[in-house]
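Peer 1: Before we start, here is the structure in question, set down as structure tokens.
Protein chains: 2
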Amino acid sequence: MKKQMQPIDVESLLQDNGFKRTPLRIALLEALANSSAPLSVAQLVRKTKKLGADTATLYRALNAFEEEGLVHALNVDKTKVLYEIVRPKTHLHHIMCDSCNAVESVAFCVKSLNQQVVKQSRQFKKIHSHQLAFVGTCRKCLRAVR
Amino acid sequence: MKKQMQPIDVESLLQDNGFKRTPLRIALLEALANSSAPLSVAQLVRKTKKLGADTATLYRALNAFEEEGLVHALNVDKTKVLYEIVRPKTHLHHIMCDSCNAVESVAFCVKSLNQQVVKQSRQFKKIHSHQLAFVGTCRKCLRAVR
DNA sequence: TATTTAATTGCAAACGATTTGCATTTATGT
DNA sequence: ACATAAATGCAAATCGTTTGCAATTAAATA
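In order, the protein sequence lines correspond to chains U and X.
Every letter in the first sequence is one number past the one before it in this note's numbering, and letter 73, counting from 1, is 79.
Every letter in the second sequence is one number past the one before it in this note's numbering, and letter 87, counting from 1, is 93.
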């Protein structure tokens, strides 16, 4: 069974958001669009270098994309950020392997919790959004342990 | 109505975990134990300096505490980490203000979601833990907007 | 297609937060 | 009080990320 992923026209995506369509940007969005899991900055840096492009440019692109809402930054831990492309009408959460750091996306939502949260809170009247991440051990790592 | 917080004997906490009870460490854990919201590294650094202690020592302490499970690091965004003391039998989530970054802790759990997640996942059979964070605008900031 | 313009890039330097090595100090158990 | 390992301060090193600036390139226009 293979992953199912709606294709994204990254060139249009760039154009529609006022970005020039440069090789690095196209390659970046393409990489993110074709990955079922979020990609680490390190991975993207490697890809950038392979293309002979500059790392500073990558960071500029990622920040610009994030600012425009084309990508979403996932703060995994103190020293690691993962990026994923934003797919309209898809609200994602994540499961992460505590052994190999593999990340899988999970599509489902917990809006119903919002009111409970508000009820408990002293400072907050309304919730705009939430982040939810699960941690487990993936099959591969489970097998490796045995 | 004032916050309710169970006191923590930080000196015993240090001792029980094989740490020497030094002024900085005691002050750090005390600060975390008396705060209802997680504290940023910047805040802790300020406190450290006020005590005339070295920043490197603070980082060493925080890392050691985290490794021993005395504190928990909260990855708010790419450039900001918050620390909270771990209170046994208390499972916390958080609400954050998207305007002023105020953080409030919320005590409640969503274990029931775990099986749903596992059901959806291709790679994961079991969830160990999860993180959940909500984003809203706090009262103070709401008022400021009007 | 050639021309113009602002956006994008590469490079090197700057940056800030965190970490490290090492000599000195300190808390703790005896 | 003493011995010992742990913890500290200081300065230097390190890492990922950002910035300034001159050169290049994509896109709009003639």
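Where a beta carbon is used, it is the ideal one built from N, C-alpha and C, also for glycine.
All figures in this text were calculated on a predicted structure; none of them were measured in a lab.
What's the C-alpha gap between residue 90 of chain X and residue 121 of chain X?
Peer 2: Residue numbering aside, residue 90 of chain X sits at position 84 when the second sequence is read from its first letter. Residue numbering aside, residue 121 of chain X sits at position 115 when the second sequence is read from its first letter. Straight-line Cα distance between these residues: approximately 28 angstroms.
Peer 1: Just reading off the alpha helix (DSSP H) that residue 40 of chain X is part of, what are its end residues?
Peer 2: Locating residue 40 of chain X in the second sequence gives position 34, where the first residue counts as 1. Taken as a continuous stretch (DSSP letters only), the alpha helix (DSSP H) holding residue 40 of chain X covers 29-40.
Peer 1: Please report the distance separating the alpha-carbon of residue 92 of chain X from that of residue 55 of chain U.
Peer 2: Working through the second sequence from its first residue, we reach residue 92 of chain X at position 86. Working through the first sequence from its first residue, we reach residue 55 of chain U at position 49. Cα-Cα distance, rounded: 41 angstroms.
Peer 1: Leaving out five residues before and five after residue 75 of chain X in sequence, what residues of the same chain have Cβ atoms less than 7 angstroms from its Cβ?
Peer 2: Position 69 of the second sequence, counted from the first residue, corresponds to residue 75 of chain X. So the list reads 92, once near-sequence residues are dropped.
Peer 1: List the whole-angstrom C-beta distance separating residue 20 of chain X from residue 35 of chain X, where the pair is believed to meet the contact cut-off of C-beta under 8 angstroms.
Peer 2: The sequence position of residue 20 of chain X within the second sequence is 14, counting from 1. The sequence position of residue 35 of chain X within the second sequence is 29, counting from 1. Between residue 35 of chain X and residue 20 of chain X the Cβ distance is about 7 angstroms, and since that is below 8 angstroms, they are a contact.
Peer 1: Can you tell me which of U:106, U:28, U:127 and U:116 puts its alpha carbon nearest to the alpha carbon of residue 143 of chain U?
Peer 2: The residue you call residue 143 of chain U lines up with position 137 of the first sequence. Ranking the options by Cα distance to residue 143 of chain U, first place goes to U:106.
Peer 1: Under a three-way DSSP split, which group does residue 85 of chain U fall into?
Peer 2: In the first sequence, residue 85 of chain U corresponds to position 79, counting from 1. Coil.
Peer 1: What are the boundary residues of the beta strand (DSSP E) that includes residue 117 of chain U?
Peer 2: Position 111 of the first sequence, counted from the start, is the residue given in the question as residue 117 of chain U. No beta strand (DSSP E) holds residue 117 of chain U; DSSP gives it neither H nor E.
Peer 1: Return the Cβ separation of residue 86 of chain X and residue 41 of chain X in integer angstroms, given the expectation that the two are a contact with Cβ distance under 8 angstroms.
Peer 2: On the second sequence, position 80 is the one that residue 86 of chain X refers to. On the second sequence, position 35 is the one that residue 41 of chain X refers to. 16 angstroms between Cβ atoms; not a contact.
Peer 1: Counting only C-beta atoms, is residue 106 of chain U closer than 8 angstroms to chain X at any point?
Peer 2: Looking up residue 106 of chain U in the first sequence gives position 100. Answer no: the Cβ-Cβ gap between residue 106 of chain U and chain X never drops below 8 angstroms.
Peer 1: Figure out for me which residue from U:84, U:32 and U:95 has the closest Cα to the Cα of residue 68 of chain U.
Peer 2: Position 62 of the first sequence, counted from the first residue, corresponds to residue 68 of chain U. Per the Cα distances, U:32.
Peer 1: Hey, is residue 134 of chain X's beta-carbon within less than 8 angstroms of any beta-carbon in chain U?
Peer 2: The count along the second sequence starts at 1 and reaches residue 134 of chain X at position 128. Yes, residue 134 of chain X lies at the interface with chain U (some Cβ there is under 8 angstroms from its Cβ).
Peer 1: Here's the rule: buried if 16 or more other CB atoms are within 10 angstroms of the residue's CB, otherwise exposed. What is residue 110 of chain U?
Peer 2: Your numbering for residue 110 of chain U matches position 104 in the first sequence. The residue in question, residue 110 of chain U, is buried, as its Cβ has 16 or more Cβ neighbours within 10 Å.
Peer 1: Hey, residue 71 of chain U and residue 101 of chain U: beta-carbon distance below 8 angstroms or not?
Peer 2: The sequence position of residue 71 of chain U within the first sequence is 65, counting from 1. The sequence position of residue 101 of chain U within the first sequence is 95, counting from 1. Contact: no.
Peer 1: Out of curiosity, what's the CA-to-CA distance linking residue 134 of chain X and residue 118 of chain X?
Peer 2: For this step, residue 134 of chain X is matched to residue 128 along the second sequence. For this step, residue 118 of chain X is matched to residue 112 along the second sequence. One C-alpha to the other measures close to 12 angstroms.
Peer 1: Quick one: what does DSSP say residue 98 of chain X is sitting in, helix, strand or coil?
Peer 2: The residue given as residue 98 of chain X occupies position 92 in the second sequence. If DSSP states are grouped into helix, strand and coil, residue 98 of chain X belongs with the strands.
Peer 1: Below 8 angstroms on the Cβ atoms is my contact criterion, and I expect residue 112 of chain U with residue 127 of chain X to pass it. Report the Cβ-Cβ distance as a whole number of Å.
Peer 2: Here residue 112 of chain U corresponds to residue number 106 of the first sequence, with the count starting at 1. Here residue 127 of chain X corresponds to residue number 121 of the second sequence, with the count starting at 1. That belief holds up - the Cβ atoms of residue 112 of chain U and residue 127 of chain X are roughly 7 angstroms apart, short of 8 angstroms.
Peer 1: If we define contact as Cβ-Cβ less than 8 angstroms, is residue 93 of chain U a contact residue for chain X?
Peer 2: Translated into the one-based positions of the first sequence, residue 93 of chain U becomes position 87. Residue 93 of chain U does not count as touching chain X.
Peer 1: Cβ of residue 81 of chain X less than 8 angstroms from any chain U Cβ?
Peer 2: Taking the second sequence and counting its residues from 1, the one referred to as residue 81 of chain X is at position 75. Interface residue, yes.
Peer 1: Cβ of residue 114 of chain X within 8 angstroms of Cβ of residue 99 of chain X?
Peer 2: Indexing the second sequence from 1 puts residue 114 of chain X at position 108. Indexing the second sequence from 1 puts residue 99 of chain X at position 93. For residue 114 of chain X and residue 99 of chain X, yes; Cβs fall inside 8 angstroms.
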